[in-house]
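Peer 1: Once you've had a glance at the structure underneath, I'll fire off some questions.
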Amino acid sequence: MTEITAPKSPVTTEEFTDRIREQLKYAQGVTPEQATPADVYVASSLVVRHYLQDAWFKTQQDMVNGNTKAVGYLSAEFLMGKQLRNALLNAGMIDQFDAAVEGLGFKPQDVIDAEYEPALGNGGLGRLAACFIDSLASLGVPAFGYGIQYRYGIFKQEFDKDGKQIEKPEYWLANEEPWGHTDYNRSQRVNFGGKVVTRADGSKEWQPEWSVRAVPVDYMVPGYASGRVNTLRLWTAKSYDEFDLATFNKSDYLNAVKPKVKAEDISKILYPEDSTPQGKALRLEQQYFFVSASIHDAIRVFYPGQDKPDLTTFPDKITFQLNDTHPVIGIPELMRVLIDEYGYDWNTAWDITTRTFNYTCHTLLPEALEVWPAKLIGELLPRHLEIIKAINTNFLAELATKTRDKAKIDRMRIVTEGENPQVRMAYLATAGGSHVNGVAELHSELLKDVTLRDFSDIYPDKFTNVTNGVTPRRFIRLANPRLSALITEGLGTDRWLSDLELLKGLEPLAKDDEFVKKFAAVKQANKEDFAAYAKREYGFELDPNTMFNTMVKRLHEYKRQSLKILALIAKYADIKSGKVNVDDVLPRTVIFGAKAAPGYYLAKMTIQLINNVARVVNNDPDVKGKLNVYFPWNYNVRLAQHLIPATDLDEQISQAGKEASGTGNMKFALNGAMTVGTLDGANVEIRERVGAENFFLFGMTVDEVDKLYEEGYSPAKYYEADPRLKAAIDMVSDGTFSNGDRNTYAPLVADWLTKDWFMTLADFTAYTEIQSDIEALYRQPLEWNRKALLNVANSGYFSSDRSITDYLTRIWHTGPLA
Ligand code: Z15
């Protein structure tokens, strides 16, 4: 008997059908006969919202009236992916939807596909935020996700005829978007510029120069089987100055609407840099815009109708999590609100503020820790700069009571000295909050020992770790229904969807050859599905009888896509030179997915190289179809959901000490892929859990990397030492992948041979050597699948439900609504 705990549908198929008909008629204005899948998508989404509405009201009421502290997850990015099927799953209405839609003469898949995915994030950080709000709702914890409703999400990636990346605007709001509810009556004014004056009583008054209206667009965040629906509140910028009257009177109509355009520019576009911020004024405006609106919103929500609320209780009402440095301007903003708007003294305000905020750091790259010129902050937010300076002064005074080490105190300045003072947002966040956490054990250790060393010396108790996780609802149940059914069959219950550690119960089944074969059949069917999808969407011809070997993530030097492509080229060179007999080569299909920041020259050149390697290798008859390279463009959540369940081998090959965590690694392991990886980020913990014998480890450790840097790293040495590496790099230089042109990749090759900042060349030999272990195992399908199944069985820890539970106990000190 299989135990079914999935939520029961609140509706019958007949009711669902009637509601869709009603929406089609009154909202879409079409008959079922006229309706397109897109119409049915909008109608069905409105129906789902209809059935979730009471739970949404109740969650909000319980949050405000109860005494459970809420979580405010402040994040510049929420990479949600499609909403409809997720909402149907979490609310228990998948079967009713499928039947209703079929009854109306549509294919459920066509209706699902009609949704345009909101891509309001760059990569891991934004997708993590989306997983976290799913888990918060599923655990029944009252929470807001607070962010920005960008009009343009992450760019749409295309490749031109030379294989170069082209960025196209992602105007995701071009079509009707049924999920967001714009609430004009709950907008907030956000001010900018101007000056600060001192009143007669000595208090400060900020006289801003211009303002923007922040209008909330609310998205339901339905929990899985929790009966709770939280809110994702994304702010959109609207102008107050519909017309600048002075200009208008001069009948210069077009110029009169300029201020409006400028104000509304604030939420226009998501910056496409992941881990490499651009210090642009507009980005700071965005950050302040959503954080200021969110803080005022929380005060409005938790102290409704109160002119003189007792804000000393604010930290008991809500805790704000700062997702990276992007929302850190919230710290001086809350100070300003408390002091200037509500009249609290500095110390009371500081106590409230530090009890309200906590900070998650997501990086080890120094360039990803945001630093803003004090001058820019002063121009845009003059009062905040004063407050930041005062925080800095007080902080330095506090440090002086804790250490005599002057040099250390100096290193810890929040505002640097000199001609061009800078504000270090990570330091501000560390000083202005209660806890700082990294996102995987190794990362949190390195944060304490390296990045924020001085801070952890003096405030050791502030530092903690919360290893990332992913939601099993979207990334197992929705992405991989076949594996989900097999897991439920194997465990005899579907409870794993809300308690992922139950996957451990699959471990004994790895000894059962019949079960392993079923598991292998699931993977094979998923590969066939993906081949069909790739054919339909991209025109690719993938052979599902080859190993599917995937590397999907942002294109960044530290992630080392170049290591993967060089190893592949080396194999190709072996075939061309006859060093290996092509008939002995294990057939592989290598699949890349990656966007490069538009201004990231070497990353874009790497994309071009991969595309051209694909063109040459796939069309070379000497290869006899043994090596295939595909690069589906525009990697996004939808593609991830199709590709991850179809992958045999996942690449997590960043330089040790550079990837804070990774979350793709978790999704692949949970979907029964084997991983080839370095001891970096969460790979370390994945390997610990699945067992060293079930993980392909290679490459230098953090200590070895550090040592090599100290000794003086010379990549050319490695080029000379490994003939296969030399052959591969020479093949890039000699024009094989550029129609004979020797200049095309010269900058990339020069970088490899002279800089190679992330030591791709030093890890090349180890990486190619591990390939023989990988291939030997893959030639024994039963053993490969046994190990892959053990990966699934032992990865339950990597549920974002567990991450959130860790945040609740270690940082937020709150829990589910009663
Ligand atoms: C981003 O996606 C990540 C870190 C950042 O500092 C920025 Cl700006 C964007 C990623 C990390 O690179 C990745 O290792 C981690 O898994 C992810 O955040 C979520 O924590």
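Using the numbering used here, read the sequence shown as starting at 26 and increasing by one per residue. We treat Cβ as the ideally placed atom computed from N, Cα and C, and that holds for glycine.
1) Which term fits Tyr-209, buried or exposed, when burial requires 16 or more other beta carbons within 10 angstroms of its beta carbon?
2) Once DSSP output is grouped into helix, strand and coil, what is the label at Val-21?
3) Using the beta-carbon count (16 or more within 10 Å), is Ala-665 buried or exposed?
4) State yes or no: is the C-beta of Lys-812 within less than 8 Å of the C-beta of Ile-678?
5) Less than 7 Å between the CB of Gly-687 and some heavy atom of the ligand Z15, yes or no?
6) Would you list, in sequence order, the uninterrupted beta strand (DSSP E) runs of no fewer than 3 residues that lie entirely inside the segment 453 to 502?
7) Roughly how many angstroms separate the alpha carbons of Asn-661 and Asn-810, rounded to a whole number?
8) Pull up the distance between the alpha-carbon of Met-572 and that of Asp-675, whole angstroms please.
9) Tell me whether Asn-92 sits in a helix, a strand or coil according to DSSP, three-state version.
10) Going straight from the alpha carbon of Val-221 to that of Gly-716, what length do you get?
11) Give me the residue from Pro-398, Phe-339 and Glu-39 with the minimum Cα distance to Arg-325.
12) Are the Cβ atoms of Leu-394 and Thr-428 separated by less than 8 Å?
13) At a cut-off of 7 Å, would you count Ser-300 as near the ligand Z15, judging by its Cβ distance to the nearest heavy atom?
14) For Lys-132 and Ala-155, I'd like the C-alpha separation in whole angstroms.
15) For Ala-399, which three-state DSSP category applies?
16) Are the Cβ atoms of Tyr-563 and Thr-455 separated by less than 8 Å?
17) What would DSSP say about Arg-640, mapped onto helix, strand or coil?
18) Could you round the C-beta distance between Asp-430 and Thr-30 to whole angstroms and report it? I think they count as a contact, below 8 Å.
19) Helix or strand or just coil, what does DSSP make of Val-221?
20) Going by the beta-carbon positions, is the gap between Val-242 and Val-254 smaller than 8 Å?
21) Let me confirm a value: Ile-594 is counted as buried when at least 16 other C-beta atoms fall within 10 Å, else exposed. Which label applies?
22) Mapping DSSP to helix, strand and coil, what is Asp-64?
23) How far does the beta strand (DSSP E) with Asn-255 in it reach, from first residue to last?
24) Select from Gly-624, Lys-584 and Val-96 the residue whose C-alpha is nearest the C-alpha of Phe-327.
25) Use the C-beta contact count for Ser-828: other C-beta atoms within 10 angstroms, 16 or more gives buried, fewer gives exposed.
26) Pull the bridge partners of Ser-236 from the DSSP assignment, please.
27) List the residues that DSSP assigns as beta-bridge partners of Tyr-98.
28) Among all the DSSP beta bridges, which residues are the ones paired with Leu-145?
29) Measuring alpha carbon to alpha carbon, tell me which residue in Ile-364, Glu-127, Ala-698 and Asp-705 is nearest Leu-668.
30) Could you give the distance in angstroms between the alpha-carbon of Ala-112 and the alpha-carbon of Val-89?
31) To the nearest angstrom, how far is the alpha carbon of Thr-388 from that of Asp-64?
32) Are at least three pairs of beta-carbons, each pair with one atom in the segment 702 to 713 and one in the segment 464 to 474, less than 8 Å apart?
33) What residue range does the beta strand (DSSP E) around Gly-689 cover?
34) Using DSSP's beta-bridge definition, name the partner residues of Pro-241.
35) Leaving aside the five residues before and after Ala-451 along the sequence, list all residues of the same chain whose C-beta is less than 6 Å from its C-beta, in chain order.
36) State yes or no: is the C-beta of Asn-493 nearer than 7 Å to some heavy atom of the ligand ADP?
Peer 2: If we stick to the structure as given:
1) The sequence position of residue 209 within the sequence shown is 184, counting from 1. Tyr-209 is exposed by the Cβ-count criterion.
2) The shown model of the chain, from 26 to 843, leaves out residue 21, and the question about it has no answer.
3) On the sequence shown, residue 665 is found 640 positions in, with the first residue counted as 1. It counts as buried.
4) As a first step, residue 812 must be located in the sequence shown, where it is residue number 787. As a first step, residue 678 must be located in the sequence shown, where it is residue number 653. Not closer than 8 Å, so no.
5) Translated into positions along the sequence shown, residue 687 becomes position 662. Gly-687 Cβ: within cutoff of the ligand Z15.
6) Listed in chain order, the complete beta strand (DSSP E) runs (minimum 3 residues) inside the segment 453 to 502 are 461 to 463 and 488 to 490.
7) On the sequence shown, position 636 is the one that residue 661 refers to. On the sequence shown, position 785 is the one that residue 810 refers to. Approximately 27 Å between the Cα atoms of the pair.
8) Looking up residue 572 in the sequence shown gives position 547. Looking up residue 675 in the sequence shown gives position 650. So the alpha carbons of these two residues sit roughly 11 Å apart.
9) Position 67 of the sequence shown, counted from the start, is the residue given in the question as residue 92. Looking at Asn-92 - three-state DSSP - the assignment turns out to be coil, as it is neither helix nor strand.
10) As a first step, residue 221 is located in the sequence shown; it is residue number 196 there, counting from the start. As a first step, residue 716 is located in the sequence shown; it is residue number 691 there, counting from the start. Approximately 60 Å, taken between the alpha carbons.
11) Residue numbering aside, residue 325 sits at position 300 when the sequence shown is read from its first letter. Of Pro-398, Phe-339 and Glu-39, the residue nearest in Cα terms is Phe-339.
12) If you number the sequence shown from 1, residue 394 lands on position 369. If you number the sequence shown from 1, residue 428 lands on position 403. Cβ atoms of Leu-394 and Thr-428: not closer than 8 Å.
13) Start at 1 with the first residue of the sequence shown, and residue 300 comes out as number 275. Yes, the ligand Z15 has a heavy atom inside 7 Å of this Cβ.
14) By 1-based counting over the sequence shown, the position of residue 132 is 107. By 1-based counting over the sequence shown, the position of residue 155 is 130. Looking at the two C-alpha atoms, the distance is approximately 28 Å.
15) For the purposes of this step, residue 399 is taken as the residue at position 374 of the sequence shown. Three-state DSSP puts Ala-399 in a helix.
16) What you label residue 563 is simply residue 538 of the sequence shown in a count that begins at 1. What you label residue 455 is simply residue 430 of the sequence shown in a count that begins at 1. In this structure, Thr-455 does not lie closer than 8 Å to Tyr-563 by Cβ.
17) Along the sequence shown, one-based indexing puts residue 640 at 615. Three-state result, Arg-640: helix.
18) Translated into the one-based positions of the sequence shown, residue 430 becomes position 405. Translated into the one-based positions of the sequence shown, residue 30 becomes position 5. Between Thr-30 and Asp-430 the Cβ distance is about 56 Å, and since that is not below 8 Å, they are no contact.
19) For the purposes of this step, residue 221 is taken as residue 196 along the sequence shown, with counting starting at 1. Strand at Val-221.
20) Within the sequence shown, numbered from 1, the residue matching residue 242 stands at position 217. Within the sequence shown, numbered from 1, the residue matching residue 254 stands at position 229. At a Cβ-Cβ threshold of 8 Å, Val-242 and Val-254 do not count as neighbours.
21) Numbered from 1 along the sequence shown, position 569 holds the residue referred to as residue 594. Counting the other Cβ atoms within 10 Å of the Cβ of Ile-594 gives 16 or more, which makes it buried.
22) Here residue 64 corresponds to residue number 39 of the sequence shown, with the count starting at 1. It is helical.
23) Counting from one through the sequence shown, the residue named residue 255 turns up at place 230. Judged by DSSP secondary structure, Asn-255 falls within the beta strand (DSSP E) whose first and last residues are 254 to 263.
24) As a first step, residue 327 must be located in the sequence shown, where it is residue number 302. Measuring C-alpha to C-alpha distances from Phe-327 to each of Gly-624, Lys-584 and Val-96 identifies Val-96 as the nearest.
25) Here residue 828 is taken as the residue at index 803 of the sequence shown, counted from 1. Buried, by the Cβ-count rule.
26) The residue labelled residue 236 in the question sits at position 211 within the sequence shown. BP columns for Ser-236 point to Asn-216.
27) Here the question's residue 98 lines up with position 73 in the sequence shown. Gly-170 and Gln-346.
28) By one-based count along the sequence shown, residue 145 stands at place 120. Its beta-bridge partners are Phe-103.
29) For this step, residue 668 is matched to residue 643 along the sequence shown. Leu-668 has its Cα closest to that of Ala-698, out of Ile-364, Glu-127, Ala-698 and Asp-705.
30) On the sequence shown, residue 112 is found 87 positions in, with the first residue counted as 1. On the sequence shown, residue 89 is found 64 positions in, with the first residue counted as 1. Cα to Cα, Ala-112 sits roughly 24 Å from Val-89.
31) For the purposes of this step, residue 388 is taken as residue 363 along the sequence shown, with counting starting at 1. For the purposes of this step, residue 64 is taken as residue 39 along the sequence shown, with counting starting at 1. The straight-line gap from Cα to Cα measures roughly 42 Å.
32) A contact is defined here as three or more CB-CB pairs under 8 Å, and the segment 702 to 713 meets this definition with respect to the segment 464 to 474.
33) Residue mapping note: residue 689 aligns to position 664 of the sequence shown, counting from 1. Premise fails: Gly-689 lies in the alpha helix (DSSP H), 689 to 695, not in any beta strand (DSSP E).
34) Along the sequence shown, read from residue 1 onward, the residue named residue 241 stands at position 216. Answer by DSSP bridge pairing, in chain order: Trp-260.
35) As a position in the sequence shown, residue 451 is number 426, starting the count at 1. Beyond the five residues adjoining it in sequence on each side, Ala-451 comes within less than 6 Å, by CB distance, of Thr-350 and Leu-394 in the same chain, given in chain order.
36) This structure lacks the ligand ADP; its bound ligands are the ligand Z15.
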